[in-house]
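In the working numbering, the protein residues as written are 4 to 201.
What follows is the structure, encoded as structure tokens:
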């Protein structure tokens with residue numbers, strides 16, 4: 004049976020390299036730590052070239068400090084490009100309300116990560132997951148979301164806006180809703196505007 008190669012941690016490798024420099028005797032360190040000459044020599048070469056970027060572990064790039072800066076910059080640019088791409092594609096539904104935005108996220112799950120889309124479109128992944136996991140019809144889902152928007156507008160304006168004014172705000176935001184439907188939903192939600200007495 005073939006022996007599995009030893010796996011050494013980042014800390015072990017760094018300590019071995021530092022010890023070899025301190026002692027000035029590679030053979031002594033190799034014997035003490037029970038490692039081969041070729042292994043310690045390679046670790047020393049890596050440490051000289053990559054510094055703290057040495058020994059990154061499986062699946063991680065090993066980069067010099069300068070290369071690391073370039074890599075991080077490229078990563079940021081790629082991330083910005085991806086955010087712009089999602090935002091651009093979602094543009095048409097941005098002003099149509101939560102339901103359309105959530106539909107967009109669901110329709111693009113194979114192209115982008117849910118987390119990324121939710122972040123770009125300013126929704127929590129939990130809110131989206133709750134919406135997605137509801138065993139409700141499309142009409143019921145729309146009704147829940149529109150009621151959430153009515154409640155939000157109602158309290159944003161200190162409970163002083165009635166159905167007509169709230170309906171106008173929602174229409175401006177892309178919702179297709181009449182003042183009579185808004186009034187009905189407000190009654191169902193128990194939202195009644197305060198009338199200021201002079």
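The beta-carbon is built from N, C-alpha and C at its ideal position, and this holds for glycine as well.
Please read these numbers as outputs of a predicted model, since none were measured by experiment.
Distance, residue j Cα to residue i Cα
i	j	result
residue 46	residue 81	32 Å
residue 98	residue 172	12 Å
residue 149	residue 161	19 Å
residue 165	residue 100	20 Å
residue 120	residue 15	40 Å
residue 61	residue 12	Because the pLDDT at residue 61 is just 48, under 50, the model does not fix this residue reliably, and the point stays unresolved.
residue 52	residue 126	43 Å
residue 170	residue 182	5 Å
residue 83	residue 107	20 Å
residue 21	residue 35	14 Å
residue 117	residue 179	27 Å
residue 184	residue 176	16 Å
residue 18	residue 26	12 Å
residue 73	residue 186	57 Å
residue 174	residue 87	27 Å
residue 110	residue 41	53 Å
residue 189	residue 140	21 Å
residue 147	residue 115	26 Å
Buried/exposed call for residue i, threshold 16 Cβ in 10 Å
i	result
residue 23	buried
residue 9	exposed
residue 192	exposed
residue 152	buried
residue 157	buried
residue 43	buried
residue 96	buried
Contact under 8 Å by Cβ, residue i with residue j
i	j	result
residue 194	residue 154	yes
residue 3	residue 102	Beyond the ends of the chain as shown, which are 4 and 201, falls residue 3; an answer cannot be given.
residue 39	residue 31	no
residue 168	residue 197	no
residue 105	residue 131	yes
For residue i, the first and last residue of its enclosing alpha helix (DSSP H)
i	result
residue 205	The displayed coordinates of the chain run from 4 to 201. Any statement about residue 205 would go beyond what the structure contains.
residue 118	117–123
residue 113	No alpha helix (DSSP H) contains residue 113, which DSSP labels as neither H nor E.
residue 129	128–136
residue 175	166–175
residue 30	29–36
residue 196	First-last for residue 196: undefined, no H or E at that position.
residue 188	182–192
residue 143	141–159
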